[in-house]
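So the structure is just underneath, and the comments pick up after that.
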Amino acid sequence: MTRAHLLHITFAIVTALATSTAHGACNFDIDQDGALNPATDGVLIVRRLLGLGGAALVANAVNPAGLRTSATQIESHIDSMIADRSLRLDGSGNAPTALSDGLMLVRAMVGVTGTGVTTLAIAGTPPRNTWTLIRQHLNGTCGGAFANNATGPAVVTQLPATLSSPWGMAFLPDGRMLFTQRGGSMVIVSADGASKSADINPTLPNLTSAGQGGLLDVALDPDYNGSSNTRIYWTFSETGSGGSGTAVARGDLNAVTATISNAQVIYRQTPKVGGDGHFGSRLAFRSDKTLMVTLGERQTDDPAAPTSNNAQHLGKTLGKVIRINRDGTIPAGNPTFGTPGALPEIWSYGHRNPQGASMRPGSDDLWLTEHGPLGGDELNFVQPGRNYGWPLVSYGCPYSAGTNTPACRPGGTGGVHAPTYEEPATTWLPSSTAPSGLIFYNGGKFTDLGWQGSAFTGGLAGSTLWRITLNGNAFVAKEEVTVVKNLGQRIRVVKQGPDGWIYLATDSGQLLRLWR
Numbered sequence: 003m004t005r006a007h008l009l010h011i012t013f014a015i016v017t018a019l020a021t022s023t024a025h026g027a028c029n030f031d032i033d034q035d036g037a038l039n040p041a042t043d044g045v046l047i048v049r050r051l052l053g054l055g056g057a058a059l060v061a062n063a064v065n066p067a068g069l070r071t072s073a074t075q076i077e078s079h080i081d082s083m084i085a086d087r088s089l090r091l092d093g094s095g096n097a098p099t100a101l102s103d104g105l106m107l108v109r110a111m112v113g114v115t116g117t118g119v120t121t122l123a124i125a126g127t128p129p130r131n132t133w134t135l136i137r138q139h140l141n142g143t144c145g146g147a148f149a150n151n152a153t154g155p156a157v158v159t160q161l162p163a164t165l166s167s168p169w170g171m172a173f174l175p176d177g178r179m180l181f182t183q184r185g186g187s188m189v190i191v192s193a194d195g196a197s198k199s200a201d202i203n204p205t206l207p208n209l210t211s212a213g214q215g216g217l218l219d220v221a222l223d224p225d226y227n228g229s230s231n232t233r234i235y236w237t238f239s240e241t242g243s244g245g246s247g248t249a250v251a252r253g254d255l256n257a258v259t260a261t262i263s264n265a266q267v268i269y270r271q272t273p274k275v276g277g278d279g280h281f282g283s284r285l286a287f288r289s290d291k292t293l294m295v296t297l298g299e300r301q302t303d304d305p306a307a308p309t310s311n312n313a314q315h316l317g318k319t320l321g322k323v324i325r326i327n328r329d330g331t332i333p334a335g336n337p338t339f340g341t342p343g344a345l346p347e348i349w350s351y352g353h354r355n356p357q358g359a360s361m362r363p364g365s366d367d368l369w370l371t372e373h374g375p376l377g378g379d380e381l382n383f384v385q386p387g388r389n390y391g392w393p394l395v396s397y398g399c400p401y402s403a404g405t406n407t408p409a410c411r412p413g414g415t416g417g418v419h420a421p422t423y424e425e426p427a428t429t430w431l432p433s434s435t436a437p438s439g440l441i442f443y444n445g446g447k448f449t450d451l452g453w454q455g456s457a458f459t460g461g462l463a464g465s466t467l468w469r470i471t472l473n474g475n476a477f478v479a480k481e482e483v484t485v486v487k488n489l490g491q492r493i494r495v496v497k498q499g500p501d502g503w504i505y506l507a508t509d510s511g512q513l514l515r516l517w518r
């Protein structure tokens with residue numbers, strides 16, 4: 003059977019087998035309709051490789067709802083891919099052809115994997131002569147759209163864009179990535195990680211980037227669509243009377259011009275205090291579109307001499323998780339504490355420095371990771387009105403102890419919180435990993451590895467990525483992801499991408515994709 007015959011057969015079954023795969027930005031999405039479809043995108047590429055143009059190129063092969071629909075636009079786009087060799091799937095110096103590259107691409111779009119992609123479509127031993135290598139090339143161009151049947155161990159790829167002390171990250175609807183940089187700017191990175199915008203100034207005064215402070219987390223409005231709703235939210239350390247504290251701001255992002263307008267502070271931690279550590283801070287939206295904010299205790303509590311004056315004080319928002327509306331007002335349904343002067347925004351208290359927060363998919367269950375002192379980092383299921391103990395009890399010890407042992411842990415219980423305080427789901431002992439960022443993975447790309455439903459958090463001091471297995475809300479096990487640990491990088495940001503891969507950002511400015 004000739005390759006031409008195989009190509010003819012492949013197109014005969016495309017309509018029956020074709021499924022549109024949603025993805026972030028992808029060069030192979032020729033008509034830019036947000037889906038990768040062999041009956042449109044695959045056909046357009048093969049026709050162009052066969053030399054067709056104009057009406058013959060686009061006939062019955064373009065989604066009219068796409069953003070790139072004219073023959074001229076499509077010819078130009080495919081020709082640019084031919085010129086930059088991204089269509090040369092086997093990596094050789096030969097020009098791409100319909101009977102090799104086009105055939106393999108359509109097979110991959112239909113869902114064929116392994117040797118079913120490469121049979122009779124590769125001659126000799128070019129640089130990319132296996133499905134594994136070709137899939138990596140396709141995913142590098144298309145953000146992982148060709149990996150639904152991925153197998154093998156997880157690998158890490160450093161993407162080209164470099165960042166300056168990244169702290170927070172949010173995916174835009176088109177697959178691009180919005181980052182905060184602790185020094186005070188934001189930046190938008192392309193979906194393939196190859197380029198980035200100019201720095202974006204949030205346009206708010208009184209931001210201080212000393213110590214652990216600066217521009218911190220970022221989140222899109224639950225109704226963000228890039229047109230009628232362009233609102234984003236971010237946290238930052240703000241100076242003012244008494245020192246500094248965490249503040250929450252919102253504004254409108256123009257993702258085309260990379261600018262922010264209508265910026266305003268909607269919430270301020272109280273009181274502002276001296277020092278430049280333990281600001282928190284992460285953002286997470288509930289299904290009712292109220293906003294959860296984690297706030298550090300600003301290093302006001304000393305486990306060597308614990309008091310109830312700060313993280314335990316319900317008249318302050320040091321060491322708290324709060325729940326607010328999108329305009330900063332207080333929603334109905336927050337817990338009441340029966341304590342005079344208790345602030346109505348408080349959701350939970352007794353926290354130290356929570357730098358990871360995530361809603362568990364399919365629920366409004368908020369989980370967070372927070373730093374302990376000398377050991378005693380925690381993963382907590384955050385419930386309304388509950389007290390998480392700091393600094394009256396902790397599995398961590400004062401730094402002056404030198405080594406973490408049960409005897410030096412505050413509270414006189416060896417660290418045990420229950421029944422007076424909420425017991426953490428798990429802790430890191432005897433050394434701290436300094437967890438940062440938190441997700442619950444539900445992307446379906448690592449199911450055979452047992453990762454579906456796992457929590458992932460980065461390690462700053464530990465220079466690692468942790469996978470945590472839960473059974474319901476009960477801790478089962480945790481392990482380091484070896485390929486990330488081997489990099490020796492402080493992992494600050496952990497996010498699941500729209501392509502199902504896990505994206506990481508390091509304090510040194512690296513942008514990483516964990517994939518297969």
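If you count the sequence shown from 1, you need to add 2 to reach our numbering.
Each residue gets a CB set at the ideal place from its N, CA and C atoms; glycine is no exception.
Note that the structure is a prediction, hence the values are computed from the model and not measured.
Buried versus exposed, by CB contacts within 10 Å (16 or more), residue i
i	result
Val323	buried
Ala20	Summary for Ala20: the model assigns pLDDT 49, below 50, so the residue's position carries little reliability; its value from the coordinates is reported in the next sentence. The residue in question, Ala20, is buried, as its Cβ has 16 or more Cβ neighbours within 10 Å.
Ser283	buried
Ser230	exposed
Asn150	Residue placement at Asn150 is poorly supported in this model, since its pLDDT is 49, which falls under 50; the coordinates still yield a value, given next. Classification of Asn150: exposed, given that the 10 Å Cβ count is below 16.
Tyr505	buried
Leu69	exposed
Val157	exposed
Lys497	buried
Gly116	exposed
Asn475	exposed
Ser72	exposed
Leu513	buried
Lys198	buried
Ser310	exposed
Gly36	buried
Residue range of the unbroken beta strand (DSSP E) whose run includes residue i
i	result
Asp254	Gly245 to Asn256
Ile493	Ile493 to Gln498
Ser360	Asn355 to Met361
Lys487	Lys487 -> not in any beta strand (DSSP E); alpha helix (DSSP H) instead, spanning Thr484 to Lys487.
Thr120	Premise fails: Thr120 lies in the alpha helix (DSSP H), Thr117 to Thr120, not in any beta strand (DSSP E).
Gly460	Ala457 to Gly461
Val323	Lys322 to Ile326
Ala234	For the sequence presented, residue 234 should be read as Ile rather than Ala. Residues Arg233 to Gly242.
Leu368	Leu368 to His373
Thr429	Thr428 to Trp430
Pro1	Given that the chain is displayed from residue 3 to residue 518, the structure contains no residue 1 and the question cannot be resolved.
Asp509	No beta strand (DSSP E) contains Asp509, which DSSP labels as neither H nor E.
Phe383	Asp379 to Val384
Val275	Looking at the DSSP string, Val275 is not in any beta strand (DSSP E), and its letter there is neither H nor E.
Residue i - DSSP class collapsed to helix/strand/coil
i	result
Val2	This structure cannot speak to residue 2, because the chain is shown only from 3 to 518.
Ser78	helix
Thr34	Going by the sequence as given, residue 34 is Gln instead of Thr. Coil, per DSSP.
Ile504	strand
Asn150	Residue placement at Asn150 is poorly supported in this model, since its pLDDT is 49, which falls under 50; the coordinates are not used for a value here.
Pro337	coil
Leu209	strand
Ile332	coil
Leu51	helix
Ala476	strand
Tyr351	strand
Thr471	strand
Asp103	helix
Tyr269	strand
Ile15	Note that Ile15 scores 43 on pLDDT, short of 50, meaning its location in the model is unreliable; the coordinates nonetheless yield the value given after this. Helix at Ile15.
Leu46	helix
Same chain only: Cβ atoms within 6 Å of residue i, ignoring 5 sequence neighbours per side
i	result
Pro386	Pro337 and Trp349
Trp430	Asp379
Residue i: first and last residue of the uninterrupted alpha helix (DSSP H) it sits in
i	result
Val158	Run containing Val158: none in the alpha helix (DSSP H); it sits in the beta strand (DSSP E), Val157 to Thr164.
His139	Trp133 to Cys144
Gly56	Gly56 to Val60
Arg184	Counting along the chain, Arg184 falls outside any alpha helix (DSSP H), and DSSP gives it neither H nor E.
Cβ neighbours of residue i in the same chain (closer than 7 Å, five flanking residues each side left out)
i	result
Phe521	Since the first residue of the chain shown is 3 and the last is 518, residue 521 is not available in this structure.
Tyr397	Gly374, Gly377, Gly378, Arg411, Gly417, Thr429 and Leu431
Ser243	Lys274
Beta-carbon contacts of residue i that lie in its chain and below 8 Å, excluding the five residues immediately before and after
i	result
Ala251	Pro204, Leu206, Tyr235, Trp236, Thr237, Phe238, Ala265, Gln266, Val267 and Ile268
Ser211	Arg184, Gly185, Gly186, Leu217 and Ser239
Beta-bridge partners of residue i, as assigned by DSSP
i	result
Phe2	Only positions 3 to 518 of the chain appear in this structure, which leaves residue 2 out of reach.
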